[in-house]
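Protein chains in written order, with the working numbering: chain A, 2 to 296; chain B, 2 to 296. Where a beta carbon is used, it is the ideal one built from N, C-alpha and C, also for glycine. A short worksheet on the structure shown next.
There are 2 protein chains.
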Amino acid sequence: MAVLEEGGKPSDQGSGPLAIICGGGSLPLAVADAVAGRGRRVVLFPVRGWADPAAIAHYPHHWIGLAQIVRLQRLARREGCRELVFIGAVLRPSPRQLRPDLGTLRLLPRIVRLFLGGDDHLLTGLGRLFEEAGFRLLGAHEVAPEILVPAGALGRRGPSPRDLADIARGLSLISAMGPFDIGQAVVIADNRVLAVEAAEGTDHMLARVAELRREGRIGLPKKVGVLVKAPKPGQDRRFDLPSIGVRTVAGVATAGLAGIAVEAEGAIAADLQDTIRAADAAGLFVFGARADGSS
Amino acid sequence: MAVLEEGGKPSDQGSGPLAIICGGGSLPLAVADAVAGRGRRVVLFPVRGWADPAAIAHYPHHWIGLAQIVRLQRLARREGCRELVFIGAVLRPSPRQLRPDLGTLRLLPRIVRLFLGGDDHLLTGLGRLFEEAGFRLLGAHEVAPEILVPAGALGRRGPSPRDLADIARGLSLISAMGPFDIGQAVVIADNRVLAVEAAEGTDHMLARVAELRREGRIGLPKKVGVLVKAPKPGQDRRFDLPSIGVRTVAGVATAGLAGIAVEAEGAIAADLQDTIRAADAAGLFVFGARADGSS
Numbered sequence: 002m003a004v005l006e007e008g009g010k011p012s013d014q015g016s017g018p019l020a021i022i023c024g025g026g027s028l029p030l031a032v033a034d035a036v037a038g039r040g041r042r043v044v045l046f047p048v049r050g051w052a053d054p055a056a057i058a059h060y061p062h063h064w065i066g067l068a069q070i071v072r073l074q075r076l077a078r079r080e081g082c083r084e085l086v087f088i089g090a091v092l093r094p095s096p097r098q099l100r101p102d103l104g105t106l107r108l109l110p111r112i113v114r115l116f117l118g119g120d121d122h123l124l125t126g127l128g129r130l131f132e133e134a135g136f137r138l139l140g141a142h143e144v145a146p147e148i149l150v151p152a153g154a155l156g157r158r159g160p161s162p163r164d165l166a167d168i169a170r171g172l173s174l175i176s177a178m179g180p181f182d183i184g185q186a187v188v189i190a191d192n193r194v195l196a197v198e199a200a201e202g203t204d205h206m207l208a209r210v211a212e213l214r215r216e217g218r219i220g221l222p223k224k225v226g227v228l229v230k231a232p233k234p235g236q237d238r239r240f241d242l243p244s245i246g247v248r249t250v251a252g253v254a255t256a257g258l259a260g261i262a263v264e265a266e267g268a269i270a271a272d273l274q275d276t277i278r279a280a281d282a283a284g285l286f287v288f289g290a291r292a293d294g295s296s
Numbered sequence: 002m003a004v005l006e007e008g009g010k011p012s013d014q015g016s017g018p019l020a021i022i023c024g025g026g027s028l029p030l031a032v033a034d035a036v037a038g039r040g041r042r043v044v045l046f047p048v049r050g051w052a053d054p055a056a057i058a059h060y061p062h063h064w065i066g067l068a069q070i071v072r073l074q075r076l077a078r079r080e081g082c083r084e085l086v087f088i089g090a091v092l093r094p095s096p097r098q099l100r101p102d103l104g105t106l107r108l109l110p111r112i113v114r115l116f117l118g119g120d121d122h123l124l125t126g127l128g129r130l131f132e133e134a135g136f137r138l139l140g141a142h143e144v145a146p147e148i149l150v151p152a153g154a155l156g157r158r159g160p161s162p163r164d165l166a167d168i169a170r171g172l173s174l175i176s177a178m179g180p181f182d183i184g185q186a187v188v189i190a191d192n193r194v195l196a197v198e199a200a201e202g203t204d205h206m207l208a209r210v211a212e213l214r215r216e217g218r219i220g221l222p223k224k225v226g227v228l229v230k231a232p233k234p235g236q237d238r239r240f241d242l243p244s245i246g247v248r249t250v251a252g253v254a255t256a257g258l259a260g261i262a263v264e265a266e267g268a269i270a271a272d273l274q275d276t277i278r279a280a281d282a283a284g285l286f287v288f289g290a291r292a293d294g295s296s
């Protein structure tokens with residue numbers, strides 16, 4: 002868990018500009034805005050092919066290739082950045098799709114080995130590469146705690162006792178799958194596991210549940226079932242916390258579920274207020290479940 | 002595990018005609034043919050909406066509704082059947098879709114409770130209902146051991162060392178998910194979990210892996226990765242052993258995987274020889290992995 006000062010303020014804002022390595026989606030801009038809003042300079046390093054050009058245009062930035070680790074380190078040093086944050090979606094590329102820079106080539110055998118494990122393994126290994134080069138890696142939620150989803154029922158609706166049972170089952174399933182480094186999301190409906198996310202991502206999984214329902218293969222009334230997202234146990238939370246957003250709400254609504262539950266402070270949202278508003282409009286709950294099971 | 006006599010012959014063929022309750026797919030006919038081929042009379046009870054009319058036409062049969070448990074018991078008694086086998090796919094229906102017969106209505110509260118658990122829970126509970134009515138429930142593999150997939154490489158190809166590692170990982174993942182009563186199939190490729198089957202079934206899961214590959218989201222060369230199927234630990238093997246067939250081979254080929262592995266004698270095939278021939282033609286392996294990990 003991130004070390005936060007009391008009141009949820011970032012623990013460290015003082016050590017020069019912050020380098021933000023930006024993948025896809027709206028989270029990178031939300032983090033940049035939050036950090037810049039506190040008066041800290043940010044330098045963005047959008048990853049070519051993933052980051053949204055419009056989202057980074059207002060900040061100083063350098064486009065990088067995914068395998069240009071040494072170039073990134075050189076540019077970050079030149080900008081005076083000693084601290085880095087990785088944020089946003091980067092789908093796992095093929096090692097062949099990577100076009101490494103010259104310096105990274107020397108690291109290549111090690112990087113290829115990283116690719117042979119699961120996502121966790123890959124990210125933790127990349128993190129170590131940066132730490133050995135003298136950088137400090139922070140979690141996005143450490144520099145921008147406002148993106149963490151808090152505990153409790155966040156909109157107008159809350160989970161029913163049946164939903165709470167589904168949430169507890171979902172959290173234990175994610176925990177049981179932890180050693181296998183799989184996805185961080187499952188759909189549980191009335192005590193039954195409808196879907197488990199692996200390489201396909203949450204949106205695809207929700208579309209599948211919607212299809213099962215259309216085909217009459219779920220056999221439960223609408224507004225039964227919960228999307229549950231939580232980090233894997235032991236996961237390095239500086240990378241890849243599960244995230245939710247307005248699109249998640251749309252997917253959950255189409256899948257005919259009752260709501261969304263995440264582990265409180267174990268998931269992030271770029272636009273939590275918009276997400277809650279969308280859930281209220283769709284009649285769904287958004288719930289931060291405490292890891293100890295209390296609500 | 003089924004009690005088989007040495008040589009894999011059925012333990013019991015003597016107690017009158019066998020009632021076979023037939024779901025969808027080709028397994029019911031394969032079991033009926035195998036049992037009838039040994040000279041035992043069979044009476045089929047095809048389930049309306051699931052069983053294939055052409056497949057049951059050559060045997061004495063009575064169509065039944067899924068919730069006509071008491072009617073089924075009455076007809077089976079009239080036919081002199083004291084032993085029953087459930088075989089073939091029956092997608093979990095909605096309790097509302099069931100049209101119970103009058104006698105079953107009295108059992109309904111109990112049946113509805115069964116539906117609140119996972120598939121295992123449902124099937125074991127139904128089994129108990131029949132046993133209380135004086136029937137003996139057998140596994141299809143007990144009356145037709147030839148449908149069990151044996152150990153070893155069954156076609157021309159065998160798994161590589163990397164495939165064997167993927168198979169071991171798949172078997173432990175299925176085992177870890179056992180308490181959650183999920184599907185019995187996963188796809189592992191180069192140590193990475195690509196897909197986990199839940200309510201959607203194996204064909205849907207394989208189609209998803211094929212789609213991920215088309216979208217360039219897998220990042221592995223073709224012929225890497227294994228479909229692994231195995232029963233859940235503690236599962237009542239008289240119901241719902243995982244099955245493979247020619248269609249599974251087609252799905253695995255389209256998904257770009259290297260082969261299919263099942264737990265040896267923990268999975269069934271209606272047409273194992275056809276399945277192996279199709280796999281040979283597609284350049285895939287079909288492998289029965291011993292539960293203790295040896296090969």
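- [ ] Please determine if the region 192-210 of chain B and the region 231-242 of chain B are in contact, where contact requires at least 3 C-beta pairs separated by less than 8 angstroms.
- [x] no
Task: CB of A:Asp281 within 7 angstroms of CB of A:Gly156, strictly - done: yes
TODO: Using 10 angstroms around the beta-carbon of B:Ala58, count the other beta-carbons present and answer buried if the total reaches 16, otherwise exposed.
DONE: exposed
TODO: Using a Cβ-Cβ cut-off of 7 angstroms, state whether B:Phe240 counts as contacting chain D.
DONE: No chain D is present in this structure, whose protein chains are A and B.
Open item on the list: Any beta carbon from chain B within less than 7 angstroms of A:Trp51's own beta carbon?
Closed with: no
Open item on the list: I need the DSSP call for B:Pro151, collapsed to helix, strand or coil.
Closed with: coil
Task: Interfacial residues, the region 191-211 of chain B to chain A, with Cβ spacing under 9 angstroms - done: If you check each beta-carbon in the region 191-211 of chain B against every beta-carbon of chain A, the ones closer than 9 angstroms belong to Asp191, Asn192, Arg193, Val194, Leu195, Ala196, Val197, Glu198, Ala199, Ala200, Glu201, Gly202, His205, Arg209, Val210.
Task: Alpha-carbon spacing of A:Leu165 relative to A:Ala134, whole angstroms - done: Computed Cα separation, rounded: 45 angstroms.
TODO: Write down the C-beta distance between B:Arg170 and B:Ile189 rounded to the nearest angstrom, noting that I regard them as a contact closer than 8 angstroms.
DONE: 5 angstroms
- [ ] Report the residue from B:Val48, B:Gly246, B:Val225 whose alpha carbon sits nearest the alpha carbon of B:Val86.
- [x] B:Val48
TODO: Rounded to whole angstroms, what's the CA-CA distance from B:Ala251 to A:Ser173? Just pull it up for me.
DONE: Their Cα atoms are separated by approximately 34 angstroms.
Open item on the list: By the DSSP assignment, the alpha helix (DSSP H) with A:Ala282 in it spans what residues?
Closed with: 273-283
Open item on the list: Does the CB of A:Ile70 have a neighbour CB from chain B at under 7 angstroms?
Closed with: Chain B, which has no Cβ nearer than 7 angstroms to the Cβ of A:Ile70, makes this no.
TODO: Flag B:Phe181 as yes if its beta-carbon sits less than 7 angstroms from any beta-carbon of chain A, otherwise no.
DONE: yes
Open item on the list: Along the chain, where does the beta strand (DSSP E) containing A:Pro234 start, and where does it finish?
Closed with: Counting along the chain, A:Pro234 falls outside any beta strand (DSSP E), and DSSP gives it neither H nor E.
- [ ] Sort out for me which residues DSSP pairs A:Phe366 with in a bridge.
- [x] This structure cannot speak to residue 366 of chain A, because chain A is shown only from 2 to 296.
- [ ] Starting from the C-beta of B:Gly26, find all residues in its chain whose C-beta is less than 6 angstroms away, skip the five residues before and the five after it, and write them out in chain order.
- [x] Close CB contacts of B:Gly26 within its chain, under the 6 angstroms cut and outside five residues either way in sequence, are with Gly89, Ala90 (chain order).
Open item on the list: Using a Cβ-Cβ distance cut-off of 7 angstroms, determine whether A:Leu138 contacts chain B.
Closed with: no
- [ ] Pull up the distance between the alpha-carbon of B:Gln274 and that of B:Val32, whole angstroms please.
- [x] 15 angstroms
Task: Those runs of the alpha helix (DSSP H) which lie wholly inside the region 144-219 of chain B and span at least 4 residues - done: 162-177, 203-215
Task: Beta-carbon gap between A:Lys230 and A:Ala279 smaller than 7 angstroms - done: no
Open item on the list: Using CA atoms only, rank isn't needed, just tell me which of B:Gly184, B:Ser161, B:Ala254, B:Ile277 is closest to A:Val197.
Closed with: B:Gly184
Open item on the list: For A:Phe46 and A:Trp64, what's the separation of their Cα atoms in angstroms?
Closed with: 6 angstroms
- [ ] Kindly indicate if chain A contains any beta-carbon less than 7 angstroms away from that of B:Ala177.
- [x] yes
Open item on the list: Using a Cβ-Cβ cutoff of 8 angstroms, what residues of the region 58-87 of chain B are near chain A? List them in chain order.
Closed with: none
TODO: Just the chain B side, please: which residues come within less than 8 angstroms of A:Leu213 by C-beta, in chain order?
DONE: Ala200, Glu201
TODO: Name, in chain order, the residues that DSSP records as bridge partners for B:Leu67.
DONE: Per DSSP, none; premise fails for B:Leu67.
Open item on the list: Judging by CA-CA distance, which residue of A:Arg75, A:Glu143, A:Gln236 is the nearest neighbour of A:Phe131?
Closed with: A:Arg75
Task: DSSP three-state assignment for A:Arg72, whether helix, strand or coil - done: helix
TODO: Could you confirm whether any beta carbon from chain A is found closer than 7 angstroms to the beta carbon of B:Leu174?
DONE: yes
- [ ] Work out the CA separation of A:Ile261 and A:Arg238 for me, nearest whole Å.
- [x] 21 angstroms
Open item on the list: Need the endpoints of the alpha helix (DSSP H) that B:Pro29 sits in, please.
Closed with: 28-38
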